[in-house]
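Yeah, the sequence shown ends on 240 if you go by our numbering, and it's all consecutive.
Glycine included, C-beta positions come from ideal geometry on N, C-alpha and C.
Remember, predicted model here, so these are calculated numbers, not experimental data.
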Amino acid sequence: MKKIIIAFVGLLMLNSCAELQQVVNQLPQGGTLGNADIAAGLRQALDFGIDKQVQRLTLKDGFYKNNLVKILMPEELQKVDKTLRDIGLGSLADDGIKMLNRAAEDAVKEATPIFVDAVKGITFNDAKNILLGQDNAATQYLESRTNTALYGKFKPVIQNSFAKVGADRIWTNLIERYNKIPFVNKVNPDLTDYVTNEALKGVYTMIAVEEKKIRTKVGSRTTDLLKKVFALQD
Numbered sequence: 007m008k009k010i011i012i013a014f015v016g017l018l019m020l021n022s023c024a025e026l027q028q029v030v031n032q033l034p035q036g037g038t039l040g041n042a043d044i045a046a047g048l049r050q051a052l053d054f055g056i057d058k059q060v061q062r063l064t065l066k067d068g069f070y071k072n073n074l075v076k077i078l079m080p081e082e083l084q085k086v087d088k089t090l091r092d093i094g095l096g097s098l099a100d101d102g103i104k105m106l107n108r109a110a111e112d113a114v115k116e117a118t119p120i121f122v123d124a125v126k127g128i129t130f131n132d133a134k135n136i137l138l139g140q141d142n143a144a145t146q147y148l149e150s151r152t153n154t155a156l157y158g159k160f161k162p163v164i165q166n167s168f169a170k171v172g173a174d175r176i177w178t179n180l181i182e183r184y185n186k187i188p189f190v191n192k193v194n195p196d197l198t199d200y201v202t203n204e205a206l207k208g209v210y211t212m213i214a215v216e217e218k219k220i221r222t223k224v225g226s227r228t229t230d231l232l233k234k235v236f237a238l239q240d
């Protein structure tokens with residue numbers, strides 16, 4: 007019985023591989039939609055994500071009023087938030103959260119040039135794997151090639167932004183007030199690192215939103231190239 011099960015599973019795996027290879031083989035190798043067109047279509051989809059979604063994050067309240075990416079207090083400070091609200095300092099806690107999001111909005115302005123360079127580098131082999139991948143495969147590709155560079159760009163901007171918008175004073179005040187409350191465990195989190203990572207998550211989240219629209223909704227394919235390329239994965 008065990009041998010029969012193993013043989014059955016093996017047969018399923020071979021069939022799945024054969025079907026995937028058949029899809030790959032059907033991708034055009036020339037004619038009206040060649041390798042370069044497929045790569046260009048993926049680049050265009052990512053460019054749309056950057057233009058439509060990432061740019062929105064740079065606006066005032068781009069993070070703060072977007073529930074998909076709004077930056078909340080880090081887990082370490084959740085108890086700070088609750089305690090401050092319990093003792094009537096809810097407005098101070100709200101200001102602290104708002105300043106975290108303002109810093110992220112400033113930082114994202116540094117992202118576009120790095121994204122543009124990464125998108126230009128998509129090859130046909132990259133595009134083929136992305137096209138046959140998950141709903142966020144293009145976003146994952148972009149993240150793998152930009153995360154380190156963006157972190158290096160974002161962190162100093164966020165640090166400067168904290169000073170510019172007064173977040174450093176607000177958070178110093180907030181944490182000092184909390185640490186003076188009797189019997190609490192004192193906190194001193196690295197907020198710059200936290201907001202940098204949260205800003206990066208927000209950027210990739212919004213690019214993935216646009217990618218999924220293009221993959222799953224024909225009406226979101228607003229150019230002939232997008233229609234032709236993504237018809238291959240339907």
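Under 8 Å Cβ to Cβ from residue i, same chain only, skipping five residues before and after it: list those, please.
| i | result |
| --- | --- |
| residue 198 | 161, 164, 165 and 168 |
| residue 239 | 137, 138 and 221 |
| residue 183 | 90, 95 and 98 |
| residue 126 | 49 |
| residue 59 | 212, 213, 215 and 216 |
| residue 202 | 113, 157, 160, 161 and 164 |
| residue 45 | 128, 129, 130, 132 and 133 |
| residue 35 | For residue 35, the predicted model reports a pLDDT of 45, less than 50, meaning its position is unreliable; a value from the coordinates is still stated below. The residues are 41. |
Which residue marks the beginning of the alpha helix (DSSP H) containing residue i, and which one marks its end?
| i | result |
| --- | --- |
| residue 98 | 96-114 |
| residue 41 | 41-55 |
| residue 84 | 84-92 |
| residue 65 | No alpha helix (DSSP H) contains residue 65, which DSSP labels as neither H nor E. |
| residue 237 | 230-237 |
Quick one: residues in its chain with C-beta nearer than 7 Å to the C-beta of residue i, no 5 flanking neighbours on either side, listed in chain order?
| i | result |
| --- | --- |
| residue 206 | 153, 156, 157 and 160 |
| residue 140 | none |
| residue 51 | 144, 217, 220 and 232 |
| residue 71 | none |
Assuming residue i contacts residue j (C-beta within less than 8 Å), just tell me the rounded distance between them.
| i | j | result |
| --- | --- | --- |
| residue 213 | residue 55 | 4 Å |
| residue 109 | residue 209 | Incorrect: roughly 14 Å between the Cβ atoms, too far for contact. |
| residue 114 | residue 211 | Between residue 211 and residue 114 the Cβ distance is about 12 Å, and since that is not below 8 Å, they are no contact. |
| residue 43 | residue 235 | 7 Å |
| residue 148 | residue 121 | 7 Å |
Apart from the five residues just before and just after residue i, which ones in its own chain have a Cβ nearer than 6 Å to its Cβ?
| i | result |
| --- | --- |
| residue 41 | 130 |
| residue 226 | 219 and 220 |
**Q.** Residue ranges of each beta strand (DSSP E) within the region 119-202, 3 or longer
**A.** none
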